[in-house]
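Counting from 7, one number per residue, gives the positions in the sequence shown under the numbering used here. All C-beta atoms, glycine included, are put in the ideal place defined by N, C-alpha and C. If you're wondering where the values come from, they're calculated on a predicted model, not measured in any experiment. Notes follow the structure.
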Amino acid sequence: MQLFVEQLTNVDFSYLDAKRGLVGETWWASAVLDGALDEQGMVCDFGIVKKTLRNWLDDELDHRLLLPVNSPALTLKHSGDIIELSWHGDNGDLLEMRAPRQAVALVDAEQITAKSVAHWCREQLRSHFPVNVEQLTLSFVAETIDGASYHYSHGLKKHNGNCQRIAHGHRSRIQIWLDDERSSALEQQWAERWADIYLGSKEDLISEQDGQLLFRYSAQQGEFELSLPASRNYMMNTDTTVEFIARHLADTIKQQHPDSRVKVRAFEGVNKGAIANA
7 MQLFVEQLTN VDFSYLDAKR GLVGETWWAS AVLDGALDEQ GMVCDFGIVK
57 KTLRNWLDDE LDHRLLLPVN SPALTLKHSG DIIELSWHGD NGDLLEMRAP
107 RQAVALVDAE QITAKSVAHW CREQLRSHFP VNVEQLTLSF VAETIDGASY
157 HYSHGLKKHN GNCQRIAHGH RSRIQIWLDD ERSSALEQQW AERWADIYLG
207 SKEDLISEQD GQLLFRYSAQ QGEFELSLPA SRNYMMNTDT TVEFIARHLA
257 DTIKQQHPDS RVKVRAFEGV NKGAIANA
């Protein structure tokens, strides 16, 4: 017998890719459980499935940087509760990070894909379900987006939760109106401009040398430091909350179209975001 739960939850995170560099991503998570019926006539109570999986994914995957620990491009160093990493991309890009251990997920794989992450999660979750559950199958899929979207990573040092982690991200839709008419051209322009981008806050920038930017800040969870190529960064004069992102986009587009009314709906992952007018 099989029990299934579709679109149980969504996870927002970033990962390292040999070609794309630091990639912000959002996936829907679904699950199938194989097993015998228990004395209640169930494979597993839906309440247990939802709570167990959702809590585990929230704790171990969501708002983390996923690292393919078997990749030759990755070098890791542990020092107590601190992790340091160095990543050399195929194009010569160098990314380095120093952060608390809870800011990353160490995925036993050579590369981060929906399939490799699902397999890793399943192995970690084996002992979390009743003995009559013989197999757990997880699957991850990206949101179906009809229109423009971009992948971005960032960190919010003032956030009291996990958004303070310096390299987590999202895959997000963008919607732009000029004088009450959707502009697919502007949406696509920003989607291309912010493809696999790191949105950095100027006040967190420590140095720029040889084409590398160094960001550093202190937050509730600890000290965070990230170095990446300037070509992979877009600098903002504010924090990078979705509210500031929407306002920045609206104000920037207004400068380019001063005689038009501008409206921006900027998404942060799935089905949430901010609206700004200019």
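In this structure, Trp33 sits away from His134, with a CB-CB distance that is not shorter than 8 Å. Ser237 carries a helical assignment under DSSP once its states are collapsed to helix, strand and coil.
For Glu231, DSSP records a beta bridge to Arg104, Arg222.
Excluding the 5 residues flanking it on each side, Arg107 has same chain C-beta neighbours closer than 6 Å at Asp87, Ile89, in chain order. Runs of the alpha helix (DSSP H) spanning 4 or more residues and lying entirely within the region 163-223 occur at 190-199, in chain order. Within the same chain, Cβ atoms closer than 6 Å to the Cβ of Lys163 are found at Gln170, Tyr223, Ala225, the five residues on either side in sequence being excluded. Less than 8 Å separates the beta-carbon of Asn168 from that of His69.
The residue from Phe10, Leu9, Val17, Gln8 with its alpha-carbon nearest to that of Val276 is Val17. Look at His254 here: in three-state DSSP terms it is helix. Its chain contains Val248, Glu249, Ala252, Ala272 as the residues whose beta carbon lies nearer than 6 Å to that of Ala280, once the 5 sequence neighbours on both sides are disregarded; these appear in chain order. Looking at the DSSP output, Gln117 bridges to nothing. By the neighbour-count criterion, in which a residue is buried when 16 or more other Cβ atoms sit within 10 angstroms of its Cβ, His160 is buried. In terms of Cβ geometry, Gly153 and Arg179 form a close pair [threshold 8 Å]. The beta-bridge partner set that DSSP reports for Trp33 consists of Val17, Ala148.
Selection Thr15, Glu229, Arg128 evaluated against Glu149 yields Thr15 as nearest (Cα-Cα).
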